[in-house]
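Here is the structure we will look at.
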Amino acid sequence: WDNGGDQILAFMRKDLLFIFNFHPFKSFTDYGILAPKGSYKTVLNTDSYTFGGYGLIDESIEHFTIPDPLYKKEKKEWLRLYLPARSAQVLKLQKRK
């Protein structure tokens, strides 16, 4: 997923979803990212105070995908995320029980 106008880059590697917001000043609320169906937990957030960020992302939230009939064949659904400016997040797809 690459949206040059928004300066957002997102990609999957195995069960990890990497999301980068390279925009120098624009943050996005409820930004849509297509991802495999399931729930995701944050494993890395560069906006954390630990990394000198502003702590704007609640890392305790479990993110659930939202179905979209247009992407059912591809088995993709929407994640709606808050993406602060100049930040990166890594989310891990949770194993189904």
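Taking the UniProt record's numbering, the leading residue of the sequence shown gets 1, the next gets one more, and so forth.
A virtual CB, placed ideally from N, CA and C, is assigned to each residue, including glycine.
query                                                                                                                                                           : result
Can you give me the Cβ contacts of Phe-18 inside the same chain, cut-off strictly under 6 Å, excluding the 5 residues immediately before and after it?          : Phe-11, Val-90
Between which two residues does the beta strand (DSSP E) harbouring Ala-85 extend?                                                                              : Counting along the chain, Ala-85 falls outside any beta strand (DSSP E), and DSSP gives it neither H nor E.
Leaving out the 5 sequence neighbours to the left and right, which residues in its chain are closer than 6 Å to Tyr-31 when beta-carbon positions are compared? : Leu-81, Leu-83
How is Phe-25 classed by DSSP in three states: helix, strand or coil?                                                                                           : coil
Just tell me which of Lys-76, Phe-22, Ser-87 has its CA closest to the CA of Ser-39.                                                                            : Lys-76
Taking DSSP as the reference, what is the three-state secondary structure of Tyr-31?                                                                            : strand
Considering only the alpha carbon of each residue, which of Ala-85, Ile-33, Gln-94 lies closest to Asp-47?                                                      : Ala-85
The beta strand (DSSP E) that contains Phe-11, what's its start and end?                                                                                        : 8–13
Buried or exposed, going by whether 16 or more other CB atoms sit within 10 Å of the CB of Ser-87?                                                              : buried
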